[in-house]
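For the record, the sequence lines run as chains W, B, Z and R. The opening residue of the first sequence carries number -17 in our numbering; numbering runs sequentially from there. The opening residue of the second sequence carries number -17 in our numbering; numbering runs sequentially from there. The opening residue of the third sequence carries number -17 in our numbering; numbering runs sequentially from there. The opening residue of the fourth sequence carries number -17 in our numbering; numbering runs sequentially from there. Every residue, glycine too, gets a C-beta built ideally from N, C-alpha and C. Since the model is a prediction, treat every value here as computed from it, not as a measurement.
4 protein chains.
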Amino acid sequence: MCQPSSHRPSGRPRSTDAGPAILAATRAALVELGWSGLTLGDVAARAGVAKTTLYRRWAGKNELVVDAVAALFEEQLELPDRGSLEADIHGVVLCFAGLLDRPETRTALMAVVAEATADEALRLRIRAAIVDRQKHLVLTGRERAQRRGELPPDDGPADPARDDLIFDVVAGAVVHRLMVSSQPVDDVWAHRLARLLVAGLAGVYTDGA
Amino acid sequence: MCQPSSHRPSGRPRSTDAGPAILAATRAALVELGWSGLTLGDVAARAGVAKTTLYRRWAGKNELVVDAVAALFEEQLELPDRGSLEADIHGVVLCFAGLLDRPETRTALMAVVAEATADEALRLRIRAAIVDRQKHLVLTGRERAQRRGELPPDDGPADPARDDLIFDVVAGAVVHRLMVSSQPVDDVWAHRLARLLVAGLAGVYTDGA
Amino acid sequence: MCQPSSHRPSGRPRSTDAGPAILAATRAALVELGWSGLTLGDVAARAGVAKTTLYRRWAGKNELVVDAVAALFEEQLELPDRGSLEADIHGVVLCFAGLLDRPETRTALMAVVAEATADEALRLRIRAAIVDRQKHLVLTGRERAQRRGELPPDDGPADPARDDLIFDVVAGAVVHRLMVSSQPVDDVWAHRLARLLVAGLAGVYTDGA
Amino acid sequence: MCQPSSHRPSGRPRSTDAGPAILAATRAALVELGWSGLTLGDVAARAGVAKTTLYRRWAGKNELVVDAVAALFEEQLELPDRGSLEADIHGVVLCFAGLLDRPETRTALMAVVAEATADEALRLRIRAAIVDRQKHLVLTGRERAQRRGELPPDDGPADPARDDLIFDVVAGAVVHRLMVSSQPVDDVWAHRLARLLVAGLAGVYTDGA
DNA sequence: CCTTAAACGAGACGGTACGTCGCGTCTTTCA
DNA sequence: TGAAAGACGCGACGTACCGTCTCGTTTAAGG
Chain W
-17 MCQPSSHRPS GRPRSTDAGP AILAATRAAL VELGWSGLTL GDVAARAGVA
33 KTTLYRRWAG KNELVVDAVA ALFEEQLELP DRGSLEADIH GVVLCFAGLL
83 DRPETRTALM AVVAEATADE ALRLRIRAAI VDRQKHLVLT GRERAQRRGE
133 LPPDDGPADP ARDDLIFDVV AGAVVHRLMV SSQPVDDVWA HRLARLLVAG
183 LAGVYTDGA
Chain B
-17 MCQPSSHRPS GRPRSTDAGP AILAATRAAL VELGWSGLTL GDVAARAGVA
33 KTTLYRRWAG KNELVVDAVA ALFEEQLELP DRGSLEADIH GVVLCFAGLL
83 DRPETRTALM AVVAEATADE ALRLRIRAAI VDRQKHLVLT GRERAQRRGE
133 LPPDDGPADP ARDDLIFDVV AGAVVHRLMV SSQPVDDVWA HRLARLLVAG
183 LAGVYTDGA
Chain Z
-17 MCQPSSHRPS GRPRSTDAGP AILAATRAAL VELGWSGLTL GDVAARAGVA
33 KTTLYRRWAG KNELVVDAVA ALFEEQLELP DRGSLEADIH GVVLCFAGLL
83 DRPETRTALM AVVAEATADE ALRLRIRAAI VDRQKHLVLT GRERAQRRGE
133 LPPDDGPADP ARDDLIFDVV AGAVVHRLMV SSQPVDDVWA HRLARLLVAG
183 LAGVYTDGA
Chain R
-17 MCQPSSHRPS GRPRSTDAGP AILAATRAAL VELGWSGLTL GDVAARAGVA
33 KTTLYRRWAG KNELVVDAVA ALFEEQLELP DRGSLEADIH GVVLCFAGLL
83 DRPETRTALM AVVAEATADE ALRLRIRAAI VDRQKHLVLT GRERAQRRGE
133 LPPDDGPADP ARDDLIFDVV AGAVVHRLMV SSQPVDDVWA HRLARLLVAG
183 LAGVYTDGA
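#1: Mark Leu106 of chain B as exposed unless 16 or more other C-beta atoms lie within 10 angstroms of its C-beta, in which case mark it buried.
#2: Between B:Ala26, B:Phe78, B:Glu125 and B:Pro134, which lies nearest to Glu56 of chain B when the distance is taken from Cα to Cα?
#3: For a contact defined as C-beta to C-beta under 7 Å, what are the partners of Gln128 of chain B on chain W?
#4: Count the CB pairs spanning the stretch 124 to 135 of chain R and the stretch 83 to 92 of chain R that are closer than 8 Å, and state whether there are at least three.
#5: Taking Cβ-Cβ distances shorter than 7 Å, what residues in chain R pair up with Glu97 of chain Z?
#6: In terms of residues, what are the limits of the alpha helix (DSSP H) holding Met198 of chain B?
#7: Given a limit of 9 Å on CB to CB distance, which residues of the stretch 138 to 158 of chain Z reach chain R?
#8: Residues in its own chain within less than 8 Å of Leu15 of chain W by CB, not counting five upstream and five downstream?
#9: Using a Cβ-Cβ distance cut-off of 8 Å, determine whether Trp171 of chain B contacts chain W.
#10: For Arg105 of chain B, which three-state DSSP category applies?
#11: Just curious, the alpha helix (DSSP H) that Ser18 of chain Z is in, first and last residue?
#12: Hey, out of R:Ala181, R:Arg115, R:Trp17 and R:Val95, whose CA is closest to Gln58 of chain R's CA?
#13: Expressed to the nearest angstrom, what Euclidean distance is found between the alpha-carbon atoms of Arg28 of chain Z and Gly19 of chain Z?
#14: Which residue from R:Leu67, R:Ala52, R:Pro(-5) and R:Ala3 puts its Cα closest to that of Arg109 of chain R?
#15: For Asp101 of chain B and Leu81 of chain W, I'd like the C-alpha separation in whole angstroms.
#16: Starting from the C-beta of Val95 of chain B, find all residues in its chain whose C-beta is less than 8 Å away, skip the five residues before and the five after it, and write them out in chain order.
#17: Let me check understanding here. Comparing Cα to Cα, which of R:Ala69, R:Phe149 and R:Ile112 lies closest to Asp169 of chain R?
#18: Exposed or buried, which one is Ser(-3) of chain R when buried takes at least 16 other CB atoms within 10 Å?
#19: Does Ser66 of chain R come within less than 8 Å of chain Z when only Cβ atoms are used?
#20: Please state if the CB of Ala153 of chain R and the CB of His158 of chain Z are separated by a distance shorter than 8 Å.
#21: At least one CB of chain B closer than 8 Å to the CB of Ala181 of chain W: is that the case?
#22: Smallest Cα separation from Arg12 of chain B: which of B:Asp(-1), B:Asn44, B:Pro(-9) and B:Arg38?
#23: By alpha-carbon positions, which one of B:Glu60, B:Gly30, B:Gln165 and B:Pro(-9) ends up nearest to Gly1 of chain B?
#24: Between Met(-17) of chain R and the rest of its own chain, which residues show a CB-CB distance below 6 Å, the 5 nearest in sequence each way excluded?
#25: When you compare the CB positions of Leu175 of chain R and Ala155 of chain R, do they come within less than 8 Å of one another, or not?
#26: Strictly under 8 Å for the Cβ-Cβ distance: is Ile108 of chain B near chain W by that measure?
#27: Comparing the C-beta of Gly123 of chain W with each C-beta of chain B, is any distance below 8 Å?
#28: Identify, in the order they occur along the chain, each residue of the same chain with its Cβ nearer than 7 Å to the Cβ of Leu183 of chain B, setting aside the five sequence neighbours on each side.
#29: The alpha helix (DSSP H) that contains His118 of chain W, what's its start and end?
#30: Along chain R, which residues have their Cβ under 9 Å away from the Cβ of Asp101 of chain Z?
#31: In chain B, which residues lie with their C-beta within 9 Å of the C-beta of Thr89 of chain W?
#32: So, at 6 Å on beta carbons, what are the nonlocal neighbours of Ala172 of chain W in its own chain, with the 5 sequence-adjacent residues on each side left out?
#33: Could you tell me which chain B residues have their CB closer than 9 Å to the CB of Leu175 of chain W, listed as they occur along the chain?
#34: Does any CB atom of chain B fall closer than 8 Å to the CB of Ala93 of chain W?
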């Protein structure tokens, strides 16, 4: 007697559902069609919403996608103790690569980063939502290695710039290999990266860089 | 031994001027209008070329921009001998960062990479036009360091995967710091990255990884 | 009983001005530029309308021109009572010839008919928009002549095929003389044609063909 | 002294096959694709000829098609004596309709007529090639009817304008019915037209119009 | 026999219009 | 009154043909 979805969707009660539905539709469309293939008309149709409603809440395509994608980066990666610095790095590299293997994450990250090249506010937002949120991985790993004696202890206050470097090197290498070089991040590669870093860190720390 | 495949270049040959003119026009338009404002019609007009000519040589906006930006990489990235492996790495890092400071490079590279997440052909083109063409930097730097004795010589054939790793680490770190972490690549950071890598490479090479 | 089919005129209704404005612009462009010079983009610009609007309402150049020209036929051809069947025919022949003297009518009609030789849908559109709408001229003239006693009354239901014949003979003779024979339709010729038809009709009707 | 213009037939002579092949290809393409669908590139491909060759010999699409089509109208219709004026008219109407049933004739005629609306020279050419060439049908039929006594003899010199009228009426009615009204010319219709004309002619001739 | 010169095939070129698509705005009707 | 539906102006898209222009390759005639 009642149609499952259509024929009576008219009226106002839609307004509470509309926001999340639109964001979900945006994510789905982004995965299927990519950034440039994504269409506001299509998003509206998927969300069962009129284009007008969409424009009432977001200024345009960019803003909508950024909002839709933000939630994906809320989750924190974890760093279980794998017994050695090298094993820890090896593990987190594979874990991060696994995250970027999911199409929605991959597309979303690059889309947002690309958009941010011309948007200072967005850039800050990315830093807060992604970078700062994952920095703890480096911190944890470094302190753990220092406790193990794999790295010398800090004599003074910790140097955050050093941790930042490690973060950019690890995350950057993974992203660059996957996105730009179009090569897989497999076990062998992760091992090599981990050994490179362990050796490099040892050399750097003894120098007191 | 002359042409590998098509020994019959029948018909009017392609204009030799058009290609470079189009790429230059693309870069100019990118600077002025940004990625989303870039129009193939506008590029054609700037290049003094018909839109059709442009489409005869490139499949679309993405492909064109990849090539246009690739040329920038080509002419911008060089590796003069700075006397030591560390100085070489330090130099190329700053040079690469300088390239990514230019708005057209930054915007174009990120936009194209973002688009490539859902486009295998584009991904391959990026690899061919940008990644593979810059690999020689790593090769040159590594061989130079081996001649200097900073790295041990290869006993067998060179391992390309090892060079690839270095490439992804260097380029990835720079890109990630600039684009994701939104931090500048300054002299200090470049020095630290260079020392990290030099130390790491020394450790890795003696291991025979 | 109101709308025959679509009882859901949801959404913004189509502009009431656009249609006539487009048709008028089409006629104007036809006069200035001729058939082959006519551009839908130009028509849209003249009508102060977007090209898309034009394509929302007509499938292409041919369909648009058929409708634009049909309106001319509509407003131009009338059949005032000139007192006798012969005078009526004579009048309508000159009137029709006058219509075909205007360059836009001549060019458009022939071009569209030529195009229709390979396009069934277009042929039907021509019939609906032009032929069927002008059939009433024959009907009116015939009934008037019957009331005058110039032609015998129908004893049964009217025979539409007979009216069709008259229509094709009159219109065809005028068009053929102007377009194929390249001879003017002047007063003398119109008189002769009218007399031929009046005599012929008298003969045919008494036979009961 | 021999060649009217080109005093030096030096160089490679024009291919003798190309011309006819192009014209044949044009006719074939015209039938398949219609006037507007016809493409010079396509014609060239069908004829196994380069587009250049085509443009060396014709100025453009219109000129080519007119030439290609001209040959189709060279053939003269015939008028066997069918025993009565009415039978003669009936026969020639069906014969003419049969001619216009062939797609190449139909398309060609209308294409050329359409093109001629803006081309005086072409109009004259049509008159010479088609109209004047077929007028003999009317002449023959009229004289035969006069010999039979179906029409009164001319007391003075024959009136060509009267014959022209008949020609335009017959040919025009057939063309109009087929092309504009989109109705078939069948036996019944041909009979009716013949009877209308016989009756009309009788009336007109006795008047001495 | 070997030049010479036009015509040839192939196909890239600068243009122009095409018909489509998506954007973001607007005007309706409906609940 | 807010939301659906959808037409609108705008502008870029990528394609198709146009008619022109090189190219390298035939193919005769004439030296």
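This is what the structure gives:
#1: exposed
#2: B:Phe78
#3: By Cβ distance, chain W contributes nothing, its closest Cβ being about 17 Å from Gln128 of chain B, past 7 Å.
#4: no
#5: Gly16, Trp17 and Ser18
#6: No answer is possible for residue 198 of chain B: the residues shown for chain B start at -17 and end at 191.
#7: Ala143, Arg144, Asp146, Leu147, Ile148, Phe149, Asp150, Val151, Val152, Ala153, Gly154, Ala155, Val156, Val157 and His158
#8: Thr21 and Asp24
#9: yes
#10: helix
#11: Ala0 to Gly19
#12: R:Arg115
#13: 14 Å
#14: R:Ala52
#15: 19 Å
#16: Ile108
#17: R:Ala69
#18: exposed
#19: no
#20: yes
#21: yes
#22: Just to set this straight, residue 12 of chain B is Leu in the shown sequence, not Arg. Per the Cα distances, B:Asn44.
#23: B:Gly30
#24: Interpretation of Met(-17) of chain R is limited by its pLDDT of 41, a score under 50 that renders its predicted location unreliable; the figure taken from the coordinates is listed afterwards. Same-chain partners within the cutoff: there are none.
#25: yes
#26: yes
#27: no
#28: Leu133
#29: Asp114 to Arg130
#30: Gly16
#31: Ala96, Thr99 and Ala100
#32: His72, Val75 and Leu76
#33: Leu147, Asp150 and Val151
#34: yes
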